[in-house]
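As given, the protein sequences belong to chains B and R, one line each in that order. Those letters in the first sequence? Residues 0 to 494, by numbering that gives the first Met the number 0. Those letters in the second sequence? Residues 0 to 311, by numbering that gives the first Met the number 0. The beta carbon of each residue, even a glycine, is placed where N, CA and C say it ideally should be. Keep in mind it's a predicted model, so treat the numbers as computed, not measured.
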Amino acid sequence: MSKALTGKRLLLTVPFEVTSAIRYVEQCRITVESRTGTGSRTDGQAMGRPDLSRRHLLAAAGGLAVAGSFGFAALGTGADALASGADTRVRYWNLFSGGDGSNMIAMLDAFRRADPAIDVSDATLQWGSPYYTKLAMAAAGNRAPDLGVMHLGRVTGFSPGRLLDPWDMDLLAKYGVREEDWNPRLWQRGVIDGTLYALPLDIHVQLCFYRRDVLKKADLLGEDGLMIPVTSTDEWFEVLKKARKVQRKGLQTIGLWTNDQNFQWWFFVAFYTQLGGRWFNDANTEVLFDVDKATEVLEFFRKHVTDGYVIPGAPTGEQFINGAPFTWEGNWSVPVFSGAKVDYGATPLPPVFGKQATHAESHSFVLPHQAGRGGAANEGAHRLAAYVVKHALQWAAGGHIPAYRPTLSTAAYKKLTPQNEYVSAMNHQATEPKVWFAGSTGVLAQDLGPMVVSSTMGSAKPATVAQRMKKELVKLLASKNPMDGRTAAQGGAVA
Amino acid sequence: MTTSAQTVVAPARARTAAATATVRRKQGFQHGGWFIAPFLALFALFVIWPLLRGLYLSFTDANISGEGASFIGLDNYREALHDQLMWDALGHSAYFTLLVVPCITVLACLLALLAHNIERGKWLWRLCFFAPFLLPSTVAGNLFQWLFTQGIGMFNHVLGIDTPWLTDKSYAMLAIVIETLWWTVGFSFLLYLAALQGIPDHLYEAAKLDGANAWHRMVHITLPMLRHITGLVLALQILASLQLFDQAVVMMDFGPGPELSTRAFVQYTLEQGFTSYRVGYASAMSVIFFVLIAVVALGRMWLLRNREEGGR
Numbered sequence: 000m001s002k003a004l005t006g007k008r009l010l011l012t013v014p015f016e017v018t019s020a021i022r023y024v025e026q027c028r029i030t031v032e033s034r035t036g037t038g039s040r041t042d043g044q045a046m047g048r049p050d051l052s053r054r055h056l057l058a059a060a061g062g063l064a065v066a067g068s069f070g071f072a073a074l075g076t077g078a079d080a081l082a083s084g085a086d087t088r089v090r091y092w093n094l095f096s097g098g099d100g101s102n103m104i105a106m107l108d109a110f111r112r113a114d115p116a117i118d119v120s121d122a123t124l125q126w127g128s129p130y131y132t133k134l135a136m137a138a139a140g141n142r143a144p145d146l147g148v149m150h151l152g153r154v155t156g157f158s159p160g161r162l163l164d165p166w167d168m169d170l171l172a173k174y175g176v177r178e179e180d181w182n183p184r185l186w187q188r189g190v191i192d193g194t195l196y197a198l199p200l201d202i203h204v205q206l207c208f209y210r211r212d213v214l215k216k217a218d219l220l221g222e223d224g225l226m227i228p229v230t231s232t233d234e235w236f237e238v239l240k241k242a243r244k245v246q247r248k249g250l251q252t253i254g255l256w257t258n259d260q261n262f263q264w265w266f267f268v269a270f271y272t273q274l275g276g277r278w279f280n281d282a283n284t285e286v287l288f289d290v291d292k293a294t295e296v297l298e299f300f301r302k303h304v305t306d307g308y309v310i311p312g313a314p315t316g317e318q319f320i321n322g323a324p325f326t327w328e329g330n331w332s333v334p335v336f337s338g339a340k341v342d343y344g345a346t347p348l349p350p351v352f353g354k355q356a357t358h359a360e361s362h363s364f365v366l367p368h369q370a371g372r373g374g375a376a377n378e379g380a381h382r383l384a385a386y387v388v389k390h391a392l393q394w395a396a397g398g399h400i401p402a403y404r405p406t407l408s409t410a411a412y413k414k415l416t417p418q419n420e421y422v423s424a425m426n427h428q429a430t431e432p433k434v435w436f437a438g439s440t441g442v443l444a445q446d447l448g449p450m451v452v453s454s455t456m457g458s459a460k461p462a463t464v465a466q467r468m469k470k471e472l473v474k475l476l477a478s479k480n481p482m483d484g485r486t487a488a489q490g491g492a493v494a
Numbered sequence: 000m001t002t003s004a005q006t007v008v009a010p011a012r013a014r015t016a017a018a019t020a021t022v023r024r025k026q027g028f029q030h031g032g033w034f035i036a037p038f039l040a041l042f043a044l045f046v047i048w049p050l051l052r053g054l055y056l057s058f059t060d061a062n063i064s065g066e067g068a069s070f071i072g073l074d075n076y077r078e079a080l081h082d083q084l085m086w087d088a089l090g091h092s093a094y095f096t097l098l099v100v101p102c103i104t105v106l107a108c109l110l111a112l113l114a115h116n117i118e119r120g121k122w123l124w125r126l127c128f129f130a131p132f133l134l135p136s137t138v139a140g141n142l143f144q145w146l147f148t149q150g151i152g153m154f155n156h157v158l159g160i161d162t163p164w165l166t167d168k169s170y171a172m173l174a175i176v177i178e179t180l181w182w183t184v185g186f187s188f189l190l191y192l193a194a195l196q197g198i199p200d201h202l203y204e205a206a207k208l209d210g211a212n213a214w215h216r217m218v219h220i221t222l223p224m225l226r227h228i229t230g231l232v233l234a235l236q237i238l239a240s241l242q243l244f245d246q247a248v249v250m251m252d253f254g255p256g257p258e259l260s261t262r263a264f265v266q267y268t269l270e271q272g273f274t275s276y277r278v279g280y281a282s283a284m285s286v287i288f289f290v291l292i293a294v295v296a297l298g299r300m301w302l303l304r305n306r307e308e309g310g311r
């Protein structure tokens, strides 16, 4: 509750301006540093924080005065003018925290050792929509970093060409990036109107995690110690039934994130794709969403709850660690379960509707729009991105499947378990349609995710929800991308 | 940092002081204007200007980049009034208000009576009841998120139940209401306590002499004397509760809650502006919300005035 008392409001306004000023000075410091950094290196001196000279002080004081009198608005322009001088510092924004965060930092440190001429200044921001909002505003306000990370599904909606700059293919080639080293469909997802805007780093998929110890008791493990293959919904519920007989009492049989709009949406995309369901026609002018297929998927989810395999709301990861036989989870839970010393395996979501397909999103590198993109910082960004995508073994430790295919055939990767068990997911990805409103935590997921949850939880009938989903898709397809005022059909998102 | 801040501030202050002296000589009483000038400048910059700008944006299709906005008249308003999700969000805010306001008013009054009438350790009671109010919303929200979490949370453990407080739409708003009660009751409690202390002792003495027992004194003196403060508490709580936002998003991990059940109006506006990048549309919704709140506030004033006139 905002304690809506005017006194409080007043107190808030002043610190806001002071923080702006501080941030401004901070920006000045960074740019001043990077300038002197470049200079001192040519002089053969060690790089480091330059002494605070009179000039810097003046710049800082000037910054304060400017920020003080014009507030936030002055930030961009002033910092920009100064920033143009920095040419070997690569500013890089990402959204990785936790295990991914430390893996990314390790990869950056490796790059720093390999290429000491480039000074990587990385910033980690809060995952999800706050990150994209900041990236969009930075690009629009011409204060963008040299390199950024983005979910591949969101690239189309991020106004490529306006908020994103295209990759320089010659520069990428110079640093060893070749299209044939990527899965062709994955690579094409980063291509808009024939131009590459996103360089995929990985795919991250939804997996069926299973406890080997429990499944062994239920006789559900094959000779190779992996879960027996499942090819129909009947078989799947048979498996669950057997597992429930041997599992610890008081736990759920499977974790499905029944209450989570993101997971439920990702699972829906996976199984709807297994059924061969389509979203829109190729020109994005017509909704081809198949209500019957959608109903089938929704009923499949609901059955887990009505048959009592799921305890709605129970924390899925903890239940799994405590002995629940199954959980459907993102591959980023691999380090969590490995860290907890669980005896487990992980396969792509079971092909219960006949065809292999599991939901996949992808982290990719993008070049946020800068008015004068070019020069050493831009080349440094290409160099850094190329290095990281090609040295992604560390990244695989976080559970993600590296997009750079040569990594997958290295002996070191093949030894990683359970990564080697689900690496095939690269070849059967279920993805959201390539339209402006798609992508991780995008409008599509935000609108349809809660509908899937309402069906799984029993608040609404699957058939009704499927109709609602179709209605929403019709609405979304007709709506205009607020960034450029064009609908999906006019959006130029050509796959 | 500190030094540079002073260099900037000092000349400004000197200038203001000199100017003030001149004005005082020239205009006498009007010199007060200079004292509020800094406030007015900030107020204009951070309140008046955004307000006007928001009003303007609500008639455009502006996106978050601030580029390429064109005037589209009342289209945003038309769309908003047909936006079921907006009405749902408004419903959630209203539901929250409906639950919180009576509970907090009664609870604050009871706590104040308790703290007022207990002789020993008065300061401790006051501190206990008021302290949560001093916590930032994020701290309070996170704390209760832990307490409510199924499987590890203290509430379920103590009560011996297994309720999915945060992940089921029937309980989620309730969890937020409980958190809000604990967190903000201290403010209303303080208002009541002050009012209780303002009731003159001689009223009670006279009543005692006339043979009124404790219950009669409560019903015929204390409660009527608290009537004005109750009006104030109600008004403040209604306005604050309608603006439900921070504790809800913190407790729901910045999501809209299970099946959108805790998405308040403010949150939906924010999502339209900053997730869907539709700043123009979000502005229009803000204006609608502003009007609704203004109607509530004016309606209360009107009721109050009618009642007072009727009483006379």
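Among the residues of chain R, those whose CB is under 9 Å from the CB of B:N258 are P163, L165, T166, D167, K168, P257, E258, following chain order. Per DSSP, B:T123 is one residue of the beta strand (DSSP E) stretching across 118-123. With distances taken between CA atoms, R:V232 lies nearest to R:A194 out of R:A194, R:G31, R:L51.
About 7 Å separates the beta carbons of B:I253 and B:A323, which is inside the 8 Å limit, making them a contact pair. B:H203 is positioned such that its CB atom lies closer than 8 Å to that of B:A359. The residues A68, S69, F70, I71, G279, in chain order, have a CB closer than 7 Å to that of R:T59 in the same chain once the five nearest residues on each side in sequence are set aside. Nearest in C-alpha terms to B:G379, of all of B:F110, B:H303, B:M456, is B:F110.
Under the three-state reduction of DSSP output, B:S337 falls in the helix class.
Think of a sphere of 7 Å around the beta carbon of B:E420: no beta carbon from chain R falls inside it, the nearest being about 28 Å out.
In the three-state reduction of the DSSP assignment, B:K469 falls in the helix class. When DSSP states are grouped into helix, strand and coil, B:I227 belongs to the coil group. Residue-level contact check: R:I237 does not touch chain B, since none of the beta carbons of chain B fall below 8 Å from its beta carbon. Per DSSP, the unbroken alpha helix (DSSP H) holding B:V290 starts and ends at 290-305.
The beta carbon of B:S332 does not come within 8 Å of any beta carbon belonging to chain R, so the residue lies off that interface. Chain order gives the chain B residues near R:F273 as S128, T132, where near means a beta carbon separation below 7 Å. Residues of the segment 48-72 of chain R whose Cβ lies closer than 9 Å to any Cβ of chain B, in chain order: D60, A61, N62, I63, S64, G65, E66, G67, S69. Closest option to B:F236, judged by alpha-carbon separation, among B:D145, B:V89, B:V309, B:V365: B:V309. For the segment 232-282 of chain B, the full-length alpha helix (DSSP H) segments reaching 4 residues or more read 232-245, 260-273 along the chain. For B:R90, there is no enclosing alpha helix (DSSP H); the residue is found in the beta strand (DSSP E) stretching over 88-93. Pairing B:D164 with B:L366 gives a Cβ-Cβ distance under 8 Å. In the pairwise beta carbon analysis, the segment 223-233 of chain B is classified as touching the segment 343-360 of chain B: at least three pairs are separated by under 8 Å. With the criterion set as a beta carbon lying under 9 Å from some beta carbon of chain B, the members of the segment 130-151 of chain R are F132, S136, T148, Q149, G150, I151, in sequence order. Contact of B:V452 with chain R is assigned, a C-beta pair being separated by under 8 Å. Annotation: the continuous beta strand (DSSP E) that includes B:G147 extends over 146-150.
Against chain R, a Cβ distance below 7 Å from B:V442 picks out S275. Residue state for B:P115 is assigned as coil, using DSSP reduced to three classes. The shortest C-alpha to C-alpha distance from B:D201 to any of B:A488, B:H399, B:P432 is the one to B:H399. R:W301 and B:P314 have their C-alpha atoms spaced approximately 50 Å apart.
Among the residues facing chain B, R:G254 is included, as its CB has a counterpart in that chain under 8 Å away.
Using a Cβ-Cβ cut-off of 8 Å, B:G312 counts as an interface residue toward chain R, since at least one Cβ of chain R sits closer than that to its own. Spatial neighbours of R:L202 in its own chain (CB-CB distance under 6 Å, excluding positions within 5 residues in sequence) are listed in chain order as I220. Nearest in C-alpha terms to R:H81, of all of B:A113, B:K474, B:K292, is B:K474. Legend: CB atoms of the segment 445-471 of chain B lying less than 8 Å from CB atoms of chain R belong to residues Q445, P449, V452, S453, M456, S458.
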